[in-house]
Amino acid sequence: MQTGVLELKIKRFIIHLIMLFLALLALTPIYLMLVNATRSTAEINRGISFVPGKSLAFNWKFLLAHDMKPMMDPLRGLFNSTFIALSTTVLSVYFSCMTAYGLHVYRFFGRKALWTVILIVMMLPGTLAFIGFYQFMVTLRLLDNYIPLIIPSIAAAGTVLFIRQYMSTVLSVELIDAARIDGAGEFRIFNSIILPTIVPVMATQAIFTFVASWNNYFTPMILLSTMSKYTIPILVRLLTTNFYRVEMGGVYLGLAITVAPIIIFYAFMSRYIISGLTLGGIKE
1 MQTGVLELKI KRFIIHLIML FLALLALTPI YLMLVNATRS TAEINRGISF
51 VPGKSLAFNW KFLLAHDMKP MMDPLRGLFN STFIALSTTV LSVYFSCMTA
101 YGLHVYRFFG RKALWTVILI VMMLPGTLAF IGFYQFMVTL RLLDNYIPLI
151 IPSIAAAGTV LFIRQYMSTV LSVELIDAAR IDGAGEFRIF NSIILPTIVP
201 VMATQAIFTF VASWNNYFTP MILLSTMSKY TIPILVRLLT TNFYRVEMGG
251 VYLGLAITVA PIIIFYAFMS RYIISGLTLG GIKE
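Note that the numbering used here gives residue 16 to position 16 of the sequence shown, counting from 1, and the numbers run on in steps of one.
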């Protein structure tokens, strides 16, 4: 009996040790990035260091120095990225929930065909139709505008798939019928009953959507041309366009600014990821 308890403790210790190693392995690059944000280019070129430097003020001034980078405004870039990411997240999650709810609850002609189309669209790469999308935006005169970056997020096939699978495990049709008998309308049922029921999957998809929108570099770079509208990933990329002088400390500081909101978002919302993935993947 004691031998079995001892073996169990040893196994738990080994598992905890492996988890600690993996956690350190994941956090080390982030820590090194934050350390390099406080170091000068010469210090960074000398090699890796786990001790913060003293060049944080200089690196910040580099980001704001108009004589070196006239287009660089990190605070404005943060605002632009935050506005686009939050707008995209809200629209994508809400309308994807509405679409998934309609596909799960209602029985209408062409429902299976529509579901098949959603699955096909989810498997196609987004860049496949980008040329046509760009030409369409030119026709609508929506270049250098945030609308093409936000409104298309309503059609999120992968989000619809995930939410519908989750609904199939937790959503009770009897609850919806009872609400209808009590006189509640369809929109009130959806907003007051369904959405509070699927909060875990909404939070999970909100995280994925926010991170994807925040890190999106290709689409804003092609569609936006005004420097004041650039997102933070574009501004960070512009730091390396000077062939004769690249301040690596400033680049790392820009990367730290880019990653910080994502880390904060994960810190507040990560507890919903596990519950959302677990419940959404179990079929009773």
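All C-beta atoms, glycine included, are put in the ideal place defined by N, C-alpha and C.
Where F130 is concerned, the enclosing alpha helix (DSSP H) starts and stops at 130 to 140.
The alpha-carbon of L114 is positioned some 24 Å away from that of F136. Between N80 and L253, the CB-CB gap reaches or exceeds 8 Å. The Cβ-Cβ distance between I163 and A100 falls below 8 Å.
Here DSSP, grouped into helix, strand and coil, assigns D144 to coil.
Nearest to Y31 by C-alpha distance, out of F95, T41, I48, S40, is I48. By the neighbour-count definition (other C-beta atoms within 10 Å, threshold 16), D144 is an exposed residue. Comparing C-alpha distances from A42 to each of H104, V246, I120, I257 shows the shortest one belongs to V246. Between the beta-carbon of L161 and that of L119 there is about 7 Å, and that keeps the pair under the 8 Å contact cut. Classified as exposed, I151 has fewer than 16 neighbouring CB atoms from the shown chains inside 10 Å of its CB. Within 10 angstroms of the beta-carbon of Y166 lie 16 or more other beta-carbons, which makes it buried. In terms of Cβ geometry, G185 and F62 do not form a close pair [threshold 8 Å]. Our two residues, A179 and I18, have alpha carbons roughly 49 Å apart in a direct line. For S96, the enclosing alpha helix (DSSP H) stretches over residues 74 to 105. For V251, the three-state secondary structure derived from DSSP is helix. Taking the C-beta atoms as reference points, G77 is found nearer than 8 Å to I232.
Taking every protein chain shown into account, the CB of R39 has 16 or more other CB atoms within 10 angstroms, so this residue is buried. In this structure the region 207 to 218 touches the region 259 to 267; the number of beta carbon pairs closer than 8 Å is three or more.
When DSSP states are grouped into helix, strand and coil, D177 belongs to the helix group.
One alpha carbon belongs to M122, the other to Y266, and they sit about 25 Å apart.
For P220, the enclosing alpha helix (DSSP H) has its first and last residue at 218 to 223. As the crow flies, the alpha-carbon of V35 is around 21 Å from that of L20. Around F210, the same chain offers A85, T89, F265 as residues with beta carbons nearer than 7 Å, after the five sequence neighbours per side are excluded.
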